[in-house]
Amino acid sequence: MKLIYEKSVPGRRAIRLPALKILPAAKIDKRLLRDEPADLPELAEVDVVRHFTALSRLNFSVDTHFYPLGSCTMKYNPKACETAASLPGLADVHPLWPQLRRGGLLTQGALQIVYETERMLSEITGMAECTLQPLAGSHGELTGVMLMAAYHRDRGNKKTHIIVPDSAHGTNPASAAIAGYEVVSIPSNPDGTLNVETFKKALNSETAGVMLTCPSTLGVFVSNVKEIADAVHAVDGLMYYDGANLNAILGRCKPGEIGFDVCHLNLHKTFSTPHGGGGPGSGPVGVVEKLRPYLPISRVVKTKDGTFSLDYDAPKSIGYIAPFYGNFGIIVRAYAYLLMLGREGLRETSNMAVLNANYVQEKLRPYFDAVAAGRCMHECVFSGSRFGAHGIHTLDIAKGLIDRGIHPPTIYFPLNVPEAIMVEPTESESRETLDEFIEIMIELAEKAKTHPDELHAAPVTAPVGRLDEVAAVKNMDLAYCGE
Amino acid sequence: MSHTNFCVASEQDKAEMLKAVKAKSFDDLFVDIPAEFQTDAFNIPEGRSELEALQTLRGLAAKNATNLTNFCGAGYYDHFIPAAVDSLSGRGEFYTAYTPYQPEAAQGTLQAIYEYQTDMARLTGMEVSNASLYDGGTALFEGIMMALRTTGRDKVLIDEGVSPIYRTMLRCYTRNLSIQYEEIPLAKGLADRAAFKQKLSKEIGAVVVQNPNFFGSLDDLTDLVAAAHGVGAQAVFSVYPLSLGLVKTPGAMGADIVTGEGQSLGLPLSFGGPYLGFMTTLKKFVRKMPGRIVGATQDEQGRRGYVLTLQAREQHIRREKATSNICTNEALCALRAHMYLSLLGKQGLVDVAQCCASLAAYARERLCAIRGVRPTFEQPFFNEFALTLPRDASDVVSALIDHGIAAGFPVGRYYKGMENVLLLAFTEKRTKEEIDLLAARLEGNL
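From first to last, the protein sequence lines stand for chains A and B. 77 is the number of the first residue of the first sequence in this note's numbering; add one for each residue after it. 687 is the number of the first residue of the second sequence in this note's numbering; add one for each residue after it.
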């Protein structure tokens, strides 16, 4: 499809501004101005609308396709949440208004949404308090590790490293490094859970903490978490909970009650805010009581008369992790979702998420090598190794799914599973959709043996076939330069 | 029967599926979670219908001010958003997709980001852009880190004209890192050349500036960039992208890394987010750049297509040695910015910028005619400027709220000794009549 720049016609316009009437044009010294206008496209509104509508139709999305992308929790995003976020009284509020004197009056509704969302998320995670400032999951991780660093600094603890199992998301070690810690990576058990022996060897008085994903990235609950937590707490270390997989235990188990001290959530996973093609996300962080003094400022507080205001009085705070109160538009969507979901919906979510994953796992077990011998949690992981004899790799299965109208699962993650295929159906998919997916996967497993060339050629129905990623790196064509 | 519409399985489905996985009940699926860890005590309100939930939200929205005439900017601006931006970015094919890991199933998102990268490179006068970062503040932090990686140094000089909101964020981010940075006070509202030159040395890795600066002042920073390059340091800019409809680009001043807040490009103020951090640079530095990058390539049939590229920089490959921990970014906000720039087009962006600048020029003249009010700095400006009032600016702002006006941002909170200084911003949404009303109310409340 042509680039929008290739559709440009000199002099064509889409948007016109009101005439300035009476006012003379501002005269700014020429040396401060650009020589020529930026070479942006020139199109009519209808051209722009058709361009983006056509682009949108090249995408797979939750609204158009089953999207079982493991670890990403691609659940359906209710439309009411979109309506809520675009209400003028929410979308048009300037973030500095509550910081003006008496400005709190201007934003009581917005502050109440932040406050109540914090309360609900604290309750769900079993934490004392929660900040909504972090702008994505990995940003929440960074915030969480910075809170740990602030705690240790305040206590005069000499801490140098954080322990991260090798099955963790790459953002875990990357976040720990930016917070100034060395990362001690330890091998995991085959099911992705922490190997207690290697862990205890790595643990010492300089351990700032441990970052765990629970259930693990292989979808297995870390049942010895209490033992791990006790060992970490014995050296005044802290337990970090990566909430990427919270959907599996929602309404059944609170990280704050099983030994974790700090956790981040992904509102764009568990709380159904849309993924946006790669953001915006939101990564709230909850903490237990002893970490409360270090939370980012400002904090939204409820005063005795029931009004809401901003509090900056936190001398031990890590400071400003975001310019304001977080990705408010995303918070509003999660708040609307929580209002509709309600208490009884929490457990229903994890029940169905886990049932759907187990259903897929059991139905596919004869055809793919399931990593879990028994049950899984909200996602199931297979290895595609058995097709190696036919020259078929997991990538080929993934591309075959595209031709059958299904977005591929996550592939080649977790790193410790060869040819990994990670399926997360989520609670919002019907049994009919799962059955169709299962049928197609079985067909692809058969095709891998009988017609491997067909899978090598896939996808053939997509707008493009497999793209040359090596050439992309070599040529580095990162912006359009004209003919 | 389900409590919500979010799970679609019928009771019969549930029973049959449980049977298929050899479970007697849902509890059976969770036996790996030790019983003492399980709870059903959740103090959360009961679920509401869509109608009730939206009524609640409308009620909360009504508690916020909706009819204020807003002159408060300070880096976050109340610009007009063409209707097509909301309607197009509201297409589920865009907003319910995820990061384009499978390029054949995401050419829409990928091509749009490639086009966005082109927009941003052209707008800032640079060669390449990444696919987005969180916001202007985090983008500036990432830009500084990138400059330090490239130069192998750990000292930073930062102009006090850089947004104090960003500078407080930088303090938070650098707390645990071995980075030293020094803030250079302004001279007459602009970057203090003499002070910078005195502090520049072979240890400085980054010189950090903002244009227009927090007080709205415009500057040609070419000489300062050259001085930075003279000691082997990189020049890191933060810019207001909409101003680049008119204003000299950082690229033309010799910048190495350009960052900024993209909110002005088609994103609602939305009480602080989601916004759009952007970053552009020169091709030779691209391997040090954080965040996702989209590149053009071909398939076997020679058809043009787009992929996430240079991924060896990123956390999912490099883990703790990655250029950044960023994963999810602000793709939908970048898409909106690209839609906005496509609708405004080459001349439209110039017109919007000219409109803002002209309203601000009128306002400055009109407001400075008020007895006791004077410009804080005698410097050229784009759409924002600071006024020194005869009394505490916070008190004045407080008084004008009762007249339905958010008169501006009192800068005393961030700059000691400037309690009487008010920062006012003007966008194309303001009118001459509104400015005249502001002047009248201001005069009546001094």
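Don't be surprised by glycine CBs; every beta carbon is placed ideally from N, CA and C.
Legend entry - Given G1094/B as reference, the closest of G1103/B, L1108/B, D1088/B, I1087/B once Cα atoms are compared: Checked all of G1103/B, L1108/B, D1088/B, I1087/B; the closest Cα to G1094/B is L1108/B.
Legend entry - Neighbour flag for N36/A against chain B, beta carbons, 8 Å: Outside the displayed span of chain A (77 to 559) sits residue 36/A, for which this structure offers no information.
Inset, instruction - Quick one: list the residues of chain B neighbouring A160/A, beta-carbon separation under 7 Å, in chain order. - result: L740, L743
Inset, instruction - Hey, could you find the ends of the alpha helix (DSSP H) M965/B is sitting in? - result: Note, M965/B: premise wrong, no alpha helix (DSSP H); beta strand (DSSP E) at 963–967.
Inset, instruction - Give a yes or no on whether 8 Å exceeds the smallest Cβ distance from C566/A to chain B. - result: The displayed coordinates of chain A run from 77 to 559. Any statement about residue 566/A would go beyond what the structure contains.
Inset, instruction - Starting from the beta carbon of D906/B, find every residue of chain A whose beta carbon is closer than 7 Å, and list them in chain order. - result: Chain A residues near D906/B: R107, L108.
Inset, instruction - Tell me whether G948/B is buried or exposed, calling it buried when 16 or more other Cβ atoms sit within 10 Å of its Cβ. - result: buried
Inset, instruction - State the beta-bridge partners of L386/A as determined by DSSP. - result: V376/A
Legend entry - Length of the line joining the Cα atoms of S818/B and P528/A: Going from the Cα of S818/B to the Cα of P528/A covers about 39 Å.
Legend entry - D845/B - partner residues in DSSP beta bridges: Its beta-bridge partners are I870/B.
Legend entry - Selection from P871/B, I890/B, K883/B that minimises the alpha carbon distance to I865/B: Nearest option by C-alpha distance: I890/B.
Inset, instruction - Note down the Cα distance separating M77/A from L743/B, rounded to an integer number of angstroms. - result: 41 Å
Legend entry - Start-end ranges of the beta strand (DSSP E) lying completely within the stretch 885–941 of chain B, minimum 3 residues: 890–897, 920–925
Inset, instruction - Using the Cα positions of F882/B and A892/B, report the straight-line distance between them to the nearest angstrom. - result: One Cα belongs to F882/B, the other to A892/B, and the distance between them is close to 12 Å.
Legend entry - Pick from T725/B, S956/B, Q920/B that is closest to V944/B, judged by C-alpha positions: Q920/B
Inset, instruction - Would you mind working out which of P171/A, L108/A, G146/A, R107/A sits nearest F404/A, comparing C-alpha positions? - result: P171/A
Inset, instruction - Hey, could you find the ends of the alpha helix (DSSP H) G981/B is sitting in? - result: Element bounds for G981/B: not the alpha helix (DSSP H) but the beta strand (DSSP E), 980–984.
Legend entry - L796/B and V972/B closer than 8 Å at C-beta: no
Legend entry - Three-state class that DSSP yields for L431/A in the structure shown: In this structure, L431/A counts as helix in the three-state DSSP scheme.
Legend entry - For L1029/B and I394/A, believed in contact at Cβ under 8 Å, the rounded distance: Actually they do not touch by this definition, with Cβ atoms about 40 Å apart.
Inset, instruction - Decide if the stretch 897–904 of chain B is in contact with the stretch 1067–1074 of chain B; the criterion is three or more beta carbon pairs, one per stretch, under 8 Å apart. - result: Verdict: yes, contact present.
Inset, instruction - Would you kindly check if the distance between the Cβ of E438/A and the Cβ of M498/A is under 8 Å? - result: Here M498/A is not near E438/A, since their CB atoms are 8 Å or more apart.
Legend entry - 8 Å contact criterion, which D764/B and T1113/B should meet: CB distance rounded: Contact flag correct, Cβ pair sits at about 5 Å.
Legend entry - Members of the stretch 1021–1039 of chain B near chain D, C-beta cut-off 7 Å: Given the protein chain composition of this structure (A and B), no chain D is represented.
Inset, instruction - For T383/A, count neighbouring C-beta atoms within 10 Å of its own C-beta (all shown protein chains included) and say buried if the count is 16 or more, exposed if not. - result: exposed
Inset, instruction - Spell out the partners DSSP gives E20/A in its beta bridges. - result: A question about residue 20/A goes unanswered here, because the residues of chain A that appear run from 77 up to 559.
Inset, instruction - Determine, using beta carbons only, whether M687/B comes closer than 8 Å to chain A. - result: The predicted model places M687/B with a pLDDT of 46, which falls under 50 and marks its position as unreliable; any figure quoted below should be read in that light. Proximity of M687/B to chain A, defined by a Cβ-Cβ separation below 8 Å, is not satisfied.
Inset, instruction - Taking 8 Å as the cut-off, decide whether the C-beta atoms of H466/A and A524/A are in contact. - result: yes
Inset, instruction - From the DSSP output, in three-state form, read off A251/A for me. - result: Correcting the residue identity first, residue 251/A is Ser in this sequence and not Ala. Helix at S251/A.
Legend entry - 8 Å Cβ cutoff, P1061/B in contact with chain A: no
Inset, instruction - Consult DSSP for N750/B and reduce its assignment to one of helix, strand or coil. - result: strand
Legend entry - Rounded Cβ spacing between L477/A and I516/A (contact assumed at less than 8 Å): 7 Å
Legend entry - Run of the beta strand (DSSP E) containing G991/B, from where it starts to where it stops: 990–994
Legend entry - Exposure label - C557/A; buried when at least 16 CB within 10 Å: exposed
Inset, instruction - Just the C-alpha distance for E736/B and H469/A, rounded to the nearest angstrom, thanks. - result: 44 Å
Inset, instruction - Report yes or no: do the stretch 194–208 of chain A and the stretch 349–361 of chain A share at least 3 C-beta pairs separated by less than 8 Å? - result: Touching, yes.
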